[in-house]
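Be aware that the sequence shown starts at 3, since it is given in the numbering used here, and climbs by one per residue.
What follows is a single structure, written as structure tokens, with notes after it.
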Amino acid sequence: MFTLPNLISLTRLPLALVFLQENTFYRIAALILAMLSDALDGYYARRYDLSSRIGTLLDPLMDKLFVIFIISVLVQENAPVTTWELVAFFCRDLAVITYTCYLIVTNRLSQHRVRSIWSGKISTFLQFLVLIALSLQIPVPPVTFTLFLFLGILALLELYFYVPAPS
């Protein structure tokens, strides 16, 4: 459990708390550090063969908790985000959760090896960029949220075609 990659993943929790301070510089620094930690945990896990089942669950969980906390703070502060944009923002995450529920209901979860998928990496990176833009009060182009919807559909397809057939 306490491998270097897992400890790096866990650093995203205290970084999220920086958003309780209304200081743009600190917030952007926290977002950049969170992005770096997201890249470094995977790098160290692969480079030094420190991958673990806990790590493959912990990394995306820390990403989601970080992003949900930050977007909640920004929405509370009246960030210019519509309900539709929020749904689109979390589309990929909703797709993965929906598919995981499907695997549980069909008793196929144990056949599914937890792994990262490329649409998830792109989606997480875009989410961080949107959070930076919102923190700086820069308008986010609507096409960005359409891209989140596209990545959600891609995630479902990637997951569906990866899961082995029931035996």
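From the three backbone atoms N, C-alpha and C, an ideal C-beta is built for every residue, glycine too.
Per the C-alpha coordinates, the member of Leu38, Ser118, Ile72, Leu158 positioned closest to Leu105 is Leu158. The beta carbon of Leu52 lies closer than 7 Å to those of Thr5, Leu6, Pro7, Tyr46 in the same chain, with the five residues before and after it left out.
Within the same chain, Glu160 come within 6 Å of Ile119 by CB-CB distance, once the 5 residues on both sides are set aside. When rounded, the separation of the alpha-carbon atoms in Leu59 and Lys66 is 11 Å. For Leu138, the secondary structure class from DSSP, reduced to helix, strand or coil, is coil. With contact defined as three or more Cβ pairs closer than 8 Å, the stretch 130 to 145 and the stretch 68 to 82 are in contact.
According to the DSSP assignment, Gln78 belongs to the alpha helix (DSSP H) that extends over 55 to 78. In this structure, the CA atom of Arg14 is about 14 Å from the CA atom of Phe127. Its Cα nearest to that of Ile10, the residue Asp40 stands out among Gly122, Thr146, Asp40.
The alpha-carbon separation between Arg29 and Lys123 amounts to approximately 22 Å.
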